[in-house]
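Residue numbers (the working numbering): 2 to 541.
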Amino acid sequence: MDIVVLGIYFFILAGIIYLSSRGAKSAEDFNLGHNKFGTLAIMATQGASMKGSGSLIGYMGGAWTSGVGVLFSSQCYNIGGWVAILLGLARKLRKAADSIHITSLGDIYYHRYHSQKNRPFTCLASVWLALSLMASQCAAIALLLQMAFGKYGLTYGQGAVIGTVAVLLCTIAGGLTSVVWTDTFQWFVMTPMVFIIIPIFCVLNGASPENIRSTLDTAQFFDLRPDISWLGYLISGVLSCTVDITYLTRFITSKDERTAVTGSTYGFLYTTIWAGLVVFFGIAAAIIVTPDMVSSTDQVMYTLLNTILPSGLMGLFAAALLATTISTFDSYLHVGVVAITTDMSALFKKKDLGGSIKFSRLMTLLLAVFCVIWVLTSQGIVAILNLGLSIYAAAECAPVLATLFWKKSDEYAVIVGQVGGALGFVVAQVMGLTLPILWGVGLSLILVAGISLIRNKTSDLLPGFDGKDVKVVRGLKQDTWIMLGGIVGCAGALILSVGIGMWVNWACIVIGLIVLFAGVKMISTGVPKESAQSPAQSST
């Protein structure tokens, strides 16, 4: 029965890949997918792309040993997404895309400073982030395939290759269109599994609220204060995901401003609640999975579900696991390819490699191969994930935000900030300093601000960020509504996730729902339906 379920899953996935790839005729189609994705697709791809099996395995294992102390660290992706919304990045970048061509992070720097000098540094940062996220997902699926099929001779390395091939097929055929529509399918596969089936079987196997409270040590499992290492994961994740090129790509490829904002809001709401459930799964495992059943925390998730799920549902879990892996893996594989084909090829004036879909597909294959090599030579899913997020945050957070929002931001200051931030983090990490991410981001911020002030140049911000044509809705500027709604919505979502992670704190759940509803309503007010049609679409 498990094999039948997996067979159906792969059959549907193959059909979606085939249908979505038929429209990919050029590199532009491969990279941006015609800017045609609606609210459902944006919600699903934002929700699915940042919740891979790496985070599922890593944070469930963390909760198994540390309890709800890992809750806020597991929210790093979601909080970063909420921050991007409240800063107005979703609406403003979508508006900017009506006036200027944006495919990669390098395009943002190029249109602001009218220079190609930044592209190599931006390409390296984007590819680094992509590879680290890909590697963490690849390592997760390799471990689980080995645990499930090791008795038949399947090795860790073979599992990594199988997982990578599946993702490669999703990405290489149709580019972003294939990624978004397969992500949407993956969302429908993993949502009932994570939100309904696993919680039910956890409770049926002894993880009821009463049993959890009476069995587990309160001081160990129900203290929300994270230790210093998990706090580092939280800061790195929030800062990197605020300017994550995967999020930014979804913003600019939405069909209009309202879709970019509301679709992303629902996606980040989904992942916030997801993170609360993952913590609950780890706490449930603490009374179902004993230490003698696993050799490392990375094995907790598979051991728990192999214990509680009957035949057939294990096949559905395997499909859901593949869904969580593929949806994150393919998104970052696409990001890495776009960075290479757009940012690096822009430096070669005689041959437009970025305009060739064959070159894009070749880069997709090469990045996938490099990812497998990294996985086979590295250890630790969460460690790989944190290293990638930390270096990207240290290199890009301050430069990107300064470029988008500060008129005095200078191109050379940004380049120095990118290099200095990454090196600052690496040095602090090697020296064993507390919270090295703060040293890296702090140094980058000082360099960007200091050099920009010394050079004392002013240039125009990008369209959408220049404050022009901002609507006033019910007495407030729409960006004010979005900012306030983002703050309130993020707070409500976090309170709700605490209530779920505590399994169950009904006061937090009720308060979280009320606050969350108010935040979403405020965000919707900032992007009314009458502004849904972009200027470019109106003129067309």
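All residues carry an ideal CB built from backbone N, CA and C; glycine is no exception.
- In the DSSP assignment, residue 255 is bridged to 38.
- Between residue 160 and residue 147, the C-beta gap is smaller than 7 angstroms, which places the two residues in contact.
- If you ignore the 5 residues before and after residue 312, its C-beta comes within less than 7 angstroms of the C-beta of 2, 3, all in its own chain and listed in chain order.
- Along the stretch 118 to 185, the alpha helix (DSSP H) occurs as fully enclosed runs of 4 or more residues at 120 to 150, 157 to 173, listed in sequence order.
- If you look at residue 82, you'll find it in the alpha helix (DSSP H) that goes 77 to 87.
- In the DSSP assignment, the residues bridged to residue 477 are 474.
- With contacts defined as CB atoms closer than 7 angstroms, residue 78 and residue 71 fail to qualify as a contacting pair.
- One thing to note: residue 253 has its Cβ no nearer than 7 angstroms to the Cβ of residue 106.
- With 16 or more other Cβ atoms inside 10 Å of its own Cβ, residue 331 counts as buried.
- In the structure shown, residue 287 adopts helical secondary structure according to DSSP, grouped into three states.
- Under the 10 Å beta carbon count, residue 507 is surrounded by fewer than 16 other beta carbons and is classified as exposed.
- With fewer than 16 neighbouring CB atoms inside 10 Å of its own CB, residue 431 falls in the exposed class.
- If you ignore the 5 residues before and after residue 468, its C-beta comes within less than 7 angstroms of no other C-beta in its own chain.
- In the structure shown, residue 98 adopts coil according to DSSP, grouped into three states.
- Under the three-state reduction of DSSP output, residue 200 falls in the helix class.
- Cβ-Cβ distances below 6 angstroms link residue 414 to 449, 452, 453 in the same chain, with the five nearest sequence neighbours on each side left out; the list follows chain order.
- Assigned with DSSP and collapsed to three states, residue 223 falls in coil, not helix or strand.
- Following the DSSP letters along the chain, one finds residue 468 in no alpha helix (DSSP H), marked with neither H nor E.
- Bounds of any alpha helix (DSSP H) do not take in residue 209, whose DSSP letter is neither H nor E.
- C-alpha of residue 326 to C-alpha of residue 40: approximately 22 angstroms in a straight line.
- A straight-line Cα-Cα distance of about 8 angstroms links residue 328 and residue 46.
- Under a 10 Å Cβ-count criterion, residue 251 is classified as buried, with 16 or more other Cβ atoms of the shown protein chains found around its own Cβ.
- Setting aside the 5 residues that flank it on each side, residue 102 is surrounded in the same chain by 108, each with a C-beta closer than 7 angstroms to its C-beta; the list follows chain order.
- Annotation: residue 240 to residue 153 spans about 43 angstroms, alpha carbon to alpha carbon.
- By the criterion of at least three beta-carbon pairs nearer than 8 angstroms, the stretch 489 to 505 is not in contact with the stretch 433 to 441.
- The straight-line gap separating the alpha-carbon atoms of residue 215 and residue 222 is approximately 12 angstroms.
- In the structure shown, the three-state DSSP call for residue 315 is helix.
- By the C-beta density criterion, residue 193 is exposed, having fewer than 16 other C-beta atoms within 10 angstroms.
- The Cβ neighbour count for residue 8, taken over all protein chains shown within 10 Å, is under 16; the residue is labelled exposed.
- Taking 7 angstroms as the cut-off, the Cβ atoms of residue 43 and residue 273 do not count as close.
- In the three-state DSSP reduction, residue 424 falls in the helix class (H, G or I).
- Using a Cβ distance threshold of 7 angstroms, residue 472 and residue 411 do not count as a contacting pair.
- The stretch 112 to 129 and the stretch 390 to 400 touch, with no fewer than 3 CB-CB distances between them shorter than 8 angstroms.
- Residue 522: member of the alpha helix (DSSP H) spanning 507 to 527, first to last residue.
- For residue 440, the uninterrupted alpha helix (DSSP H) run begins and ends at 437 to 456, by DSSP.
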